[in-house]
Amino acid sequence: MSRAVPLIKRITNPMMGFKAFHSASETIAGTETSHRIRKGQITANGATAFQTFAELAA
1 MSRAVPLIKR
11 ITNPMMGFKA
21 FHSASETIAG
31 TETSHRIRKG
41 QITANGATAF
51 QTFAELAA
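Numbering (the UniProt record's numbering), first residue to last: 1 to 58.
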């Protein structure tokens, strides 16, 4: 079991009311991506975490 699982569960538990699977999967993917950016697992050549997230979201 990954060490990130409790963090992901803590963030996603309030989101349990999603009606569409697509909405839930996109939100969870975004949450996991932002966690990876903060941990430094996605490098962006000196960009801040916000700049990296904005670049991926565009």
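Where a beta carbon is used, it is the ideal one built from N, C-alpha and C, also for glycine.
Can you tell me whether residue i is buried or exposed? The criterion is at least 16 other CB atoms within 10 Å of its CB, across all chains shown.
i	result
THR52	buried
Do residue i and residue j have their C-beta atoms within less than 8 Å of each other?
i	j	result
ILE8	THR31	yes
ILE37	ALA49	yes
THR27	LEU56	no
ALA54	HIS35	no
Can you tell me where the alpha helix (DSSP H) holding residue i begins and where it ends?
i	result
GLN41	Counting along the chain, GLN41 falls outside any alpha helix (DSSP H), and DSSP gives it neither H nor E.
ALA49	49-57
LYS9	5-12
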